[in-house]
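Student: Numbering (the working numbering), first residue to last: 80 to 608. We put the CB at the ideal spot given by N, CA and C, even for glycine. Computed from a prediction, not measured in an experiment: that's the story for all the values here.
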Amino acid sequence: MNHVDILVIGAGPAGLQLGYFLEKHGASYKILERRASAGQFFKEFPRHRTLISINKVYTGSTDPELNLRWDWNSLLNDGQVQSLREYTTNYWPHADAMIQYLEDFAGRFALAIDYEKDVAEVTKAGRFSVRCQDGTTYTCDRLVIATGMFKPFIPDIEGIEHAEDYTTMSIDPKDFVGQRVLIIGKGNSAFETAENLVGTTTRIHLASPNSLKMAWRTHYVGHLRAINNSFLDTYQLKSQNALIDAEIVSIERRDGCVAVSFRYSHAAAEVESLEYDSVLICAGFRFDDSMFSDSCRPRLAIQDRFPEQTSVWESTNVPSLFFAGVLTHMRDYKKKQSGFIHGFRYNVEFLARHLLEQQYGHEIEYATLPLDHHAIAQRILSRVNRSSALFQQTGYLGDVIVVGETTGSCRYYEGVPVDHALKKWRDKTIFTVTLEFGQELIDAEPDVFALDRVHKHDTENAHRSLGIHPIIRKFSEARLVETHHVIEDFLSEWNEPEHIEPLLAYLEGSLASHRSPRLQGAPANAAAR
80 MNHVDILVIG
90 AGPAGLQLGY
100 FLEKHGASYK
110 ILERRASAGQ
120 FFKEFPRHRT
130 LISINKVYTG
140 STDPELNLRW
150 DWNSLLNDGQ
160 VQSLREYTTN
170 YWPHADAMIQ
180 YLEDFAGRFA
190 LAIDYEKDVA
200 EVTKAGRFSV
210 RCQDGTTYTC
220 DRLVIATGMF
230 KPFIPDIEGI
240 EHAEDYTTMS
250 IDPKDFVGQR
260 VLIIGKGNSA
270 FETAENLVGT
280 TTRIHLASPN
290 SLKMAWRTHY
300 VGHLRAINNS
310 FLDTYQLKSQ
320 NALIDAEIVS
330 IERRDGCVAV
340 SFRYSHAAAE
350 VESLEYDSVL
360 ICAGFRFDDS
370 MFSDSCRPRL
380 AIQDRFPEQT
390 SVWESTNVPS
400 LFFAGVLTHM
410 RDYKKKQSGF
420 IHGFRYNVEF
430 LARHLLEQQY
440 GHEIEYATLP
450 LDHHAIAQRI
460 LSRVNRSSAL
470 FQQTGYLGDV
480 IVVGETTGSC
490 RYYEGVPVDH
500 ALKKWRDKTI
510 FTVTLEFGQE
520 LIDAEPDVFA
530 LDRVHKHDTE
540 NAHRSLGIHP
550 IIRKFSEARL
560 VETHHVIEDF
570 LSEWNEPEHI
580 EPLLAYLEGS
590 LASHRSPRLQ
600 GAPANAAAR
């Protein structure tokens, strides 16, 4: 029997990322992978082989941390010594490049991976016991599931068995020549499929109950991306294709075709039946919980697509069972970027810190700063101008400043889930530092390409900033008491007087009550730049 302190199931991007941090800190860990090498999900998906996660090579910067803002595929490592740009310069990479990158990442950092270990059953009686198909058994104190989501989500529709699934359908357009095709779903996999078939089919309809959302409007990259949206022209310019906002009531095969009954969302619930030759399910994926015995089966959430999790991605009903990667998207579903490498790599970084703290008592790293508004402003501005974590996980991960634990100083933590911070320091006064869009204001505008920006000197209206900008919030015992917006900047560089001076004034006033009488009149000992 093999025992490790921390066992990780899955050697995809999340498992490798966690392995990197555990290896770096000398933890007792092992990664189990059912295939013969790492990153094998990308051998099958996406079906049409082009990733929609950008690989921007020519950023104009030599700063590895800053470049991660436009590198959505690489895993975190010291100084970014290995990145996807070494394998391809394509802005939209081919999936094969990702496979080679992940395989080399595992080897370069000598990660402790046991390959061809297909997990058959997970049980728990104090410790976890993980039995593989080949009879090998591992035990661990803490178990992390990084398997991703590979089980197709099949909508509960009468007659759904007459439809083909994204994972098994043909991707050869010649197989659909002259056909009428219905695609269930309006996500990127649905549009990717439609783009592939638009030249050979008679008509294509995409259907789901809700209206289409564009990523360039919502700033959520899981909504429809521009790389997949040329199909929309064929709809609005009346080229036989269409989007349907409707509930699919039933699917039945009759008279050599497939009849689909719809209940429209925007036509007074009108019901209509349309005929197709093929129906394709492109409704996404779900978590596969079949490996778990009843002794440790995690509770599910969001139509049973995800395991239900706490703010540190621990199962809500199975202690010491954690999740990494796309599975953590349960916490920010369809809002932030935890469902994608450029989001969850930072979640994994914090998860590693949390696991090391739980397992070995390693305190989560922080910097000690004087309780001085200049010093704190300098640290904040340094972070928002360079951090990739805050830039990618807008409003979800933040820096946290904890005051009141020691006289005359504060603790500065980087890259913490904001909802976790409010629980961990619920009896303290804290400041959170995030980068966020003015999304509520954007949502109220009819045209996101004709927005009126706040004038850069109108700092009194910084809270009306629409573009990404720093927001500092003060909480007392988990209650929001103050909010300060640093006015937006067209280039996302907050180095000018209109950014610095209001921040200094805000921090000076907000910190005054936390400074000891000896420090109240002390001169500033650092300058914000």
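1. So, with DSSP's three-state summary, where would you put K253?
2. Starting from the C-beta of Y180, find all residues in its chain whose C-beta is less than 6 angstroms away, skip the five residues before and the five after it, and write them out in chain order.
3. Can you give me the start and stop residues for the beta strand (DSSP E) that M81 sits inside?
4. Apart from the five residues just before and just after L276, which ones in its own chain have a Cβ nearer than 7 angstroms to its Cβ?
5. If I'm right that K317 touches L285 with Cβ under 8 angstroms, what's the distance once you round it to whole angstroms?
6. Whose CA, out of C211, I236, A117, A176, lies closest to the CA of I192?
7. Under three-state DSSP, which class holds D150?
8. Residues bridged to I293 by DSSP?
9. Going by the beta-carbon positions, is the gap between A529 and T511 smaller than 8 angstroms?
10. Can you list, in chain order, the residues of its chain with a C-beta nearer than 8 angstroms to that of A572? Leave out the 5 residues immediately preceding and following it.
11. Give the range of the alpha helix (DSSP H) segment to which D312 is assigned.
12. Taking Y475 and D522 to be in contact with their CB atoms under 8 angstroms, please state how far apart those CB atoms are, rounded to whole angstroms.
13. What residue does the alpha helix (DSSP H) around S589 start on, and which one ends it?
14. Pick from E484, A456, T486, G487: whose alpha carbon is nearest that of D478?
15. Buried or exposed: which applies to R608, given that a residue is buried once 16 or more other Cβ atoms fall within 10 Å of its Cβ?
16. Going by C-alpha to C-alpha distance, which of L406, M409, I263 sits closest to Y355?
17. Kindly confirm or deny that the stretch 232-252 and the stretch 319-331 touch, where touching means at least three C-beta pairs closer than 8 angstroms.
18. Count the CB pairs spanning the stretch 194-202 and the stretch 369-385 that are closer than 8 angstroms, and state whether there are at least three.
19. If you compare alpha carbons, which of Q258, G98, V83, G158 is closest to S467?
20. Using the three-state DSSP reduction, which class does H298 fall into: helix, strand or coil?
21. Rounded to the nearest angstrom, what separates L598 and R187 at their Cα positions?
22. Check each candidate in S461, I224, W295, R505 and name the one with the smallest Cα separation from D620.
23. Quick check on Y194: does DSSP put it in helix, strand or coil?
24. Using only CA atoms, which one of T168, L155, Q161, A106 lies nearest to L130?
25. For Y425 versus Q471, is the C-beta spacing smaller than 8 angstroms?
26. For a minimum of 3 consecutive residues, which ranges assigned as the beta strand (DSSP E) are wholly contained in the stretch 447-487?
27. On a CA-only basis, which of R558, S544, V565 is nearest I551? Give me that one, please.
28. Please state if the CB of F401 and the CB of L379 are separated by a distance shorter than 8 angstroms.
29. Could you work out which residue in S132, D150, L154, E144 is closest to Q96 when comparing CA atoms only?
30. Among the candidates V533, S555, N152, S544, whose CA atom is the shortest distance from the CA of R505?
31. Could you tell me if E393 is buried or exposed, where buried requires 16 or more neighbouring beta carbons within 10 angstroms of its beta carbon?
32. Report, in whole angstroms, the separation of the C-beta atoms of S352 and A338, which I expect to be a contact under 8 angstroms.
33. Out of curiosity, what's the CA-to-CA distance linking Q315 and S290?
34. Express the C-alpha separation of R594 and A601 in angstroms, rounding to a whole number.
35. So what does H534 bridge to, in DSSP terms?
36. Taking the alpha helix (DSSP H) that T513 belongs to, which residues open and close that run?
Tutor: The answer reads as follows:
1. helix
2. L163, Y166
3. Contrary to the premise, residue 81 reads as Asn rather than Met in this sequence. First-last of the beta strand (DSSP E) with N81: 81-88.
4. P252, F255, V260, I283
5. Their Cβ separation, rounded to whole angstroms, is 16 angstroms, which puts K317 and L285 out of contact at 8 angstroms.
6. A117
7. strand
8. Position check: residue 293 holds Met in this sequence, whereas Ile was assumed. M293 is bridged to L303.
9. no
10. In the sequence under discussion, the amino acid at residue 572 is Glu, which differs from the Ala named in the question. Within the same chain, E572 has close Cβ partners N464.
11. 310-315
12. Contact flag wrong, Cβ pair sits at about 18 angstroms.
13. 576-590
14. A456
15. For R608, the pLDDT reaches just 31, beneath the cut-off of 50, and the residue's location in the model is therefore unreliable, leaving the point undetermined.
16. I263
17. yes
18. yes
19. G158
20. coil
21. For L598, the predicted structure reports a pLDDT of 44, less than 50, and the residue's modelled location is therefore unreliable. The matter cannot be settled from this model.
22. One cannot answer for residue 620 here, as it falls past the ends of the chain, which runs 80 to 608.
23. coil
24. T168
25. yes
26. 476-485
27. V565
28. no
29. L154
30. S555
31. buried
32. 5 angstroms
33. 15 angstroms
34. With a pLDDT of only 41 at A601, under 50, the local geometry of the prediction cannot be trusted, and no value is derived from it.
35. Paired residues: none, contrary to the question.
36. Premise fails: T513 lies in the beta strand (DSSP E), 508-515, not in any alpha helix (DSSP H).
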